[in-house]
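First comes the structure, then the notes that go with it.
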Amino acid sequence: MSIIKDALPCILPALTEIINCSWLTSENPTSWKMAEVVTLLKDRDHEIADNNRPVSLLIAVSKICERVVLNQLTDYMSQWKRYTQHQNGNRKLHSTETLNVFITDQILQSMDRKEVAALVLIDLSKAFDSIDHSILLVQLQTIGVSKSVLAWFKSYLSGRSQNLLVNPKRTKLLLLGTSQMLKKLSGTDFHMTVLGEKRILLQTVKDLGMTLD
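Just so we're aligned, residue 1 is where the sequence shown starts under the UniProt record's numbering, counting upward by one.
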């Protein structure tokens with residue numbers, strides 16, 4: 001992204017043309033929807049899958065287009081008052097702090113009126129992944145976006161793919177099977193090639209740094 005910022009005076013006309021073309025045709029190029037997945041260590045041992053967070057990386061141009069769409073949609077929502085009264089997330093001049101102030105004020109008012117206040121908190125695991133795209137498109141249609149904009153979002157949400165970035169030097173090969181099957185492979189040149197790196201067969205599961213119960 002820093003390279004694009006440095007080259008912006010030269011590439012701005014072409015970049016603007018590409019983004020405008022996406023808008024006018026209501027299409028997202030396939031290359032914009034291909035993500036490269038890498039893992040970031042959250043805590044402790046990286047060999048344990050739960051300690052790693054998968055992150056999807058998209059090309060820079062697609063992120064710029066997303067920002068343009070976000071700014072225009074946000075301005076539309078604000079201008080035509082499409083936000084619900086108490087929405088604090090993804091809204092300018094609103095945050096968890098304004099939400100906490102509102103909730104605290106409501107609780108204090110209930111206490112003054114000698115009423116019982118109950119607060120229900122819901123924490124959804126992988127909340128964005130659980131969103132139904134068809135329902136999301138219906139909601140966009142409900143708030144009044146045009147047919148071309150709706151078609152753009154439909155193209156944006158469909159046909160996405162992911163590629164896993166593999167480090168061949170840290171990839172290990174282990175076969176699990178019956179003793180008869182493994183004996184047939186004994187002494188053979190059984191191997192796997194990952195990005196040009198030859199991975200030979202491990203002899204025991206302990207070579208993976210783990211044990212099986």
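Quick reminder that beta carbons are idealized off the backbone N, C-alpha and C, glycines included.
Look at the Cβ atom of residue i, then the Cβ atom of residue j, and state whether they are nearer than 8 Å.
{"i": "residue 220", "j": "residue 55", "result": "Since the displayed the chain opens at 1 and closes at 213, residue 220 lies outside it and no answer follows."}
{"i": "residue 150", "j": "residue 137", "result": "yes"}
{"i": "residue 33", "j": "residue 160", "result": "yes"}
{"i": "residue 91", "j": "residue 143", "result": "no"}
{"i": "residue 38", "j": "residue 162", "result": "no"}
{"i": "residue 57", "j": "residue 35", "result": "yes"}
{"i": "residue 155", "j": "residue 26", "result": "yes"}
{"i": "residue 88", "j": "residue 98", "result": "yes"}
Taking residue i as the reference, give the member of the options with the closest Cα.
{"i": "residue 51", "options": "42, 59 and 85", "result": "42"}
{"i": "residue 237", "options": "4, 117 and 77", "result": "Since the first residue of the chain shown is 1 and the last is 213, residue 237 is not available in this structure."}
{"i": "residue 72", "options": "61, 158, 23 and 128", "result": "23"}
{"i": "residue 252", "options": "13, 107, 78 and 60", "result": "Limits of the chain in this structure are 1 at one end and 213 at the other, which puts residue 252 out of reach."}
Which first and last residues belong to the beta strand (DSSP E) in which residue i is found?
{"i": "residue 54", "result": "52-57"}
{"i": "residue 35", "result": "34-41"}
{"i": "residue 164", "result": "161-164"}
Buried or exposed for residue i, going by 16 or more other Cβ atoms inside 10 Å?
{"i": "residue 152", "result": "buried"}
{"i": "residue 21", "result": "exposed"}
{"i": "residue 211", "result": "A caution first: residue 211 carries a pLDDT of 45, below 50, which makes its placement in the model unreliable, though a value can still be read off. Exposed is the call here."}
{"i": "residue 101", "result": "exposed"}
Going by DSSP, what residue range makes up the alpha helix (DSSP H) through residue i?
{"i": "residue 99", "result": "96-112"}
{"i": "residue 23", "result": "2-25"}
{"i": "residue 46", "result": "Element bounds for residue 46: n/a, residue is neither H nor E."}
{"i": "residue 30", "result": "Unbroken run through residue 30: none, as it is neither H nor E."}
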